[in-house]
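Trainee:
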Amino acid sequence: MSEEATIVAKVEELMGALDQVKRYRALSRLLIDFALVMLASVVLLLSWDLAVNFYRVQTGFYCYYSAPVTYTCTASSATGSPFLQLFAGLSPLLIPAAGVLIGVYWVDRKLKSVKVGEWRESLKEGFPGAVKLLQDLKWDSVLEDIRASKIGYSVYFVVKVIGYWLFASILLFFPYVLGISALHQDVNLFVPAFISFVLVLVLSRNDLQKRYGQVVSLDNLMWELRWFSSEFKSAKFEA
Amino acid sequence: MRKGWLVFVLVLIISAQLVVLSSFRDVEADGFANGNSVIAIAKWDYVQAGIRISVTPQPLSVTPQPLNESEPVKLVFSNGTSISINSTYTITLQLPRTGDFFGNAAIGGTLALSEDQPLNAVVEQNVGNVTSYVNLLKESETSSAIPACMCSVDLYVLVVVGAAQVSVAAYGVSL
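Chains as they are written, first to last, in our numbering: chain A, 7 to 245; chain B, 1014 to 1188.
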């Protein structure tokens, strides 16, 4: 392979990595969207909670949360409709879980709309195109993007795992309560929480390893680019 | 930047919601009413509450036996009207907010009230002299019992005559 072809291949590799950085940078910007969705779901949950509490004061909806295991009320204590009571009982689980799902969906959808690979046309020109791409790069902004994307990606991954943990806990809660009730044992909420945490870690271990590798490679890339940018700025290329 | 302000506003809303949620309080009282029994509910004037009182005449076959089996159970309201009860009777009452108070105060005794317990209920069974008992309650719950305090207490009293199982559930908000 000629030296020019090697440079073109290296530039293609670099631009691919920078595309990935672009996605991670967008992700770090979308974290605030994710936080907004989660906060909105908390506001919704607390509003619902307040409405139920005021309703209790007004009408005597006394069995709200009174039977957290089964979320049912006895005929003598219940004054609201069974559906309303069931929803009132499940709302602390359902509303935040819906918030997590909507947040993850929103972030994924936005990430897919990030434009990447626009450099491929220039690279078809070969070595001159590769040099032009390198000349057009804003090195300071590239290095800053890499730093921000590393942090953003790590935070998003942690939040995503916590969200899936919450979701898995909710899913596991019902079979756990049914099973433990059949065995006439006391319900311990730490059990489904712990099992679901391990389950989420097992299911996401490949993703975890892959993303960890990407964060490490981003680190390496940043060091290489620092060296390359100083070399590139001092060298003279003829496009 | 606009999103940052939106986060700030949402956090403010959540903080306000949590403060309001923490001001809801409930209280329950139940017991076997025998002879003349007094159901008393006290609350600070700044509290709005919903009260549900359930009276179930005691069946003759269970112990303890009613004092006087021939008389039906009666529920006497604070305005003097009364109703006879043959089966479980449930009534929901609204106790409105009647005043404002900024600060903390506390009252001890049968119907203790404090900042953390802004409403209280008691079922006192087999009261010999209902009038003097109610007067005693009123005295202990008036503002004269709380020196140097601009707060006041609302007291609601009902009397059950006869043998019955009584349960009181109250839920209120101090805003």
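Think of the CB as a built atom: it goes at the ideal place given N, C-alpha and C, for glycine as much as any other residue.
Would residue 222 of chain A and residue 160 of chain A be called neighbours here (beta carbons separated by less than 8 Å)?
Mentor: As a working mapping, residue 222 of chain A is identified with position 216 in the first sequence. As a working mapping, residue 160 of chain A is identified with position 154 in the first sequence. Against a cut-off of 8 Å, the Cβ pair of residue 160 of chain A and residue 222 of chain A comes out as no contact.
Trainee: With a threshold of 16 other CB atoms inside 10 Å of the CB of residue 130 of chain A, please say whether the residue is buried or exposed.
Mentor: Taking the first residue of the first sequence as 1, we reach residue 130 of chain A at position 124. Per the 10 Å Cβ criterion, exposed.
Trainee: Name, please, each residue of chain A whose Cβ falls closer than 8 Å to the Cβ of residue 1021 of chain B.
Mentor: Along the second sequence, read from residue 1 onward, the residue named residue 1021 of chain B stands at position 8. Correct list: empty, because the minimum Cβ distance to chain A is about 10 Å.
Trainee: Return yes when the Cβ of residue 1054 of chain B is within less than 8 Å of the Cβ of residue 1169 of chain B, no when it is not.
Mentor: To locate residue 1169 of chain B, count along the second sequence from 1; it is residue 156. To locate residue 1054 of chain B, count along the second sequence from 1; it is residue 41. Closer than 8 Å, so yes.
Trainee: Residue 50 of chain A and residue 108 of chain A: beta carbons closer than 8 Å?
Mentor: Residue mapping note: residue 50 of chain A aligns to position 44 of the first sequence, counting from 1. Residue mapping note: residue 108 of chain A aligns to position 102 of the first sequence, counting from 1. No, the Cβ-Cβ distance between residue 50 of chain A and residue 108 of chain A is not below 8 Å.
Trainee: Along chain A, in chain order, which residues have C-beta atoms closer than 8 Å to that of residue 1126 of chain B?
Mentor: Within the second sequence, numbered from 1, the residue matching residue 1126 of chain B stands at position 113. Here the premise fails: no neighbours, minimum Cβ distance about 18 Å.
Trainee: What residues of chain A sit near residue 1031 of chain B, judged by a beta carbon separation below 8 Å?
Mentor: Start at 1 with the first residue of the second sequence, and residue 1031 of chain B comes out as number 18. Per Cβ cutoff of 8 Å: 52.
Trainee: Could you confirm whether any beta carbon from chain A is found closer than 8 Å to the beta carbon of residue 1026 of chain B?
Mentor: Looking up residue 1026 of chain B in the second sequence gives position 13. So, interface residue.
Trainee: Taking residue 95 of chain A as the reference, which of A:60, A:54 and A:127 has the closest Cα?
Mentor: On the first sequence, position 89 is the one that residue 95 of chain A refers to. Checking every option, the nearest Cα to that of residue 95 of chain A belongs to A:54.
Trainee: Beta-carbon of residue 1063 of chain B versus every beta-carbon of chain A: anything under 8 Å?
Mentor: On the second sequence, position 50 is the one that residue 1063 of chain B refers to. Cβ-Cβ to chain A under 8 Å: yes for residue 1063 of chain B.
Trainee: At which residues does the beta strand (DSSP E) containing residue 1087 of chain B begin and terminate?
Mentor: The residue labelled residue 1087 of chain B in the question sits at position 74 within the second sequence. Where residue 1087 of chain B is concerned, the enclosing beta strand (DSSP E) stretches over 1086-1089.
Trainee: Compare the C-beta of residue 81 of chain A against all C-beta atoms of chain B and say whether one is closer than 8 Å.
Mentor: Within the first sequence, residue 81 of chain A is the residue found at index 75, counting from 1. Legend: pLDDT at residue 81 of chain A = 42, less than 50; position of this residue unreliable, value from coordinates given subsequently. False, the Cβ-Cβ gap to chain B never drops below 8 Å.
Trainee: To test your reading of the DSSP string, which unbroken beta strand (DSSP E) runs of 3 or more residues are found completely within the stretch 1086-1151 of chain B?
Mentor: Counting only runs of 3 or more, we get 1086-1089, 1095-1098, 1102-1108 and 1132-1137.
Trainee: So which residues on chain E does residue 1016 of chain B lean against when the C-beta distance must stay under 9 Å?
Mentor: Structure shown: chain E not included; protein chains present are A and B.
Trainee: Looking at the strands, I want to know which residues DSSP matches up with residue 1049 of chain B.
Mentor: The sequence position of residue 1049 of chain B within the second sequence is 36, counting from 1. Note: residue 1049 of chain B sits in a beta bridge opposite B:1174.
Trainee: Residue 63 of chain A: which of B:1019, B:1147 and B:1065 sits nearest, CA to CA?
Mentor: Along the first sequence, one-based indexing puts residue 63 of chain A at 57. Of the listed residues, the one whose Cα sits closest to residue 63 of chain A is B:1065.
Trainee: Relative to the C-alpha of residue 1135 of chain B, which residue among B:1103, B:1031, B:1025 and B:1046 is closest?
Mentor: By 1-based counting over the second sequence, the position of residue 1135 of chain B is 122. The candidate whose alpha carbon is nearest that of residue 1135 of chain B is B:1046.
Trainee: Specify, as a first and last residue, the run of the alpha helix (DSSP H) that residue 6 of chain A falls within.
Mentor: There is no way to answer for residue 6 of chain A, as the model of chain A reaches only from 7 to 245.
Trainee: Alpha carbon to alpha carbon, what distance is there between residue 23 of chain A and residue 71 of chain A?
Mentor: Locating residue 71 of chain A in the first sequence gives position 65, where the first residue counts as 1. Locating residue 23 of chain A in the first sequence gives position 17, where the first residue counts as 1. Because residue 71 of chain A sits at a pLDDT of 45, beneath the cut-off of 50, its placement in the model cannot be relied upon, and the following sentence gives the value as read from the coordinates. Whole-angstrom Cα-Cα distance: 52 Å.
Trainee: Name the residue from B:1085, B:1039 and B:1108 whose alpha carbon lies nearest to the alpha carbon of residue 1101 of chain B.
Mentor: Start at 1 with the first residue of the second sequence, and residue 1101 of chain B comes out as number 88. Closest option to residue 1101 of chain B, Cα to Cα, is B:1085.
Trainee: Checking 8 Å against the spacing of the C-beta atoms, do residue 1132 of chain B and residue 1038 of chain B come in under that value?
Mentor: Indexing the second sequence from 1 puts residue 1132 of chain B at position 119. Indexing the second sequence from 1 puts residue 1038 of chain B at position 25. Cβ distance < 8 Å, so residue 1132 of chain B and residue 1038 of chain B count as in contact.
Trainee: Check whether the stretch 200-214 of chain A and the stretch 167-185 of chain A are in contact - that is, three or more C-beta pairs closer than 8 Å.
Mentor: Flag = yes, the stretch 200-214 of chain A and the stretch 167-185 of chain A touch.
Trainee: Within 8 Å of any Cβ in chain A, is that where the Cβ of residue 1037 of chain B sits?
Mentor: For this step, residue 1037 of chain B is matched to residue 24 along the second sequence. Closer than 8 Å to some Cβ of chain A, the Cβ of residue 1037 of chain B qualifies, so yes.
Trainee: Whose Cβ in chain B lies nearer than 7 Å to the Cβ of residue 110 of chain A?
Mentor: Sequence index remark: in the first sequence, residue 110 of chain A carries index 104 (1-based). Here the premise fails: no neighbours, minimum Cβ distance about 18 Å.
Trainee: Can you name the residues of chain A whose CB is closer than 8 Å to the CB of residue 1034 of chain B?
Mentor: Translated into positions along the second sequence, residue 1034 of chain B becomes position 21. In chain order: 52, 55, 56 and 59.
Trainee: Under the assumption that residue 1059 of chain B contacts residue 1113 of chain B (Cβ atoms under 8 Å), give the Cβ distance between them as a whole number of angstroms.
Mentor: Within the second sequence, numbered from 1, the residue matching residue 1059 of chain B stands at position 46. Within the second sequence, numbered from 1, the residue matching residue 1113 of chain B stands at position 100. With a Cβ gap of about 6 Å, residue 1059 of chain B and residue 1113 of chain B count as contacting.
Trainee: Rounded to the nearest angstrom, what separates residue 1107 of chain B and residue 206 of chain A at their Cα positions?
Mentor: Position 94 of the second sequence, counted from the first residue, corresponds to residue 1107 of chain B. Position 200 of the first sequence, counted from the first residue, corresponds to residue 206 of chain A. Rounded to the nearest angstrom, the two C-alpha atoms are 49 Å apart.
Trainee: Give me the Cα-Cα distance between residue 162 of chain A and residue 1016 of chain B, rounded to the nearest whole angstrom.
Mentor: Here residue 162 of chain A refers to the residue found at position 156 when the first sequence is read from its first residue. Here residue 1016 of chain B refers to the residue found at position 3 when the second sequence is read from its first residue. Looking at the two C-alpha atoms, the distance is approximately 17 Å.
Trainee: Which chain B residues sit within Cβ distance under 7 Å of residue 46 of chain A?
Mentor: On the first sequence, position 40 is the one that residue 46 of chain A refers to. Chain B residues near residue 46 of chain A: 1023.
Trainee: Taking all protein chains shown into account, do 16 or more other C-beta atoms lie within 10 angstroms of the C-beta of residue 1061 of chain B, making it buried, or fewer, making it exposed?
Mentor: As a working note, residue 1061 of chain B is residue 48 in the second sequence. Buried, because 16 or more other Cβ atoms sit within 10 Å of the Cβ of residue 1061 of chain B.
Trainee: Once the 5 residues before and after residue 81 of chain A are set aside, which same chain residues still bring their CB inside 8 Å of it?
Mentor: The residue labelled residue 81 of chain A in the question sits at position 75 within the first sequence. For residue 81 of chain A, the predicted structure reports a pLDDT of 42, less than 50, and the residue's modelled location is therefore unreliable. A value from the coordinates is still provided. No residues qualify anywhere along the chain.
Trainee: If we cut at 8 Å on Cβ distances, does residue 27 of chain A have a partner in chain B?
Mentor: The residue given as residue 27 of chain A occupies position 21 in the first sequence. It does not; no Cβ of chain B falls within 8 Å.
Trainee: Looking only at DSSP bridge pairs, what is residue 188 of chain A linked to?
Mentor: As a position in the first sequence, residue 188 of chain A is number 182, starting the count at 1. In the DSSP output, where bridge partners are listed per residue, residue 188 of chain A has none listed.
Trainee: For residue 141 of chain A, is the classification buried or exposed, using 16 other Cβ atoms within 10 angstroms of its Cβ as the cut-off for buried?
Mentor: By one-based count along the first sequence, residue 141 of chain A stands at place 135. The residue in question, residue 141 of chain A, is exposed, as its Cβ has fewer than 16 Cβ neighbours within 10 Å.
Trainee: Do the stretch 1022-1039 of chain B and the stretch 16-36 of chain A meet, that is, are 3 or more Cβ pairs less than 8 Å apart?
Mentor: Short answer: they don't touch.
Trainee: Buried or exposed: where does residue 175 of chain A fall if 16 or more other Cβ atoms within 10 Å of its Cβ makes it buried?
Mentor: Numbered from its first residue, the first sequence carries residue 175 of chain A at position 169. The residue is buried, with at least 16 neighbouring Cβ atoms inside 10 Å.
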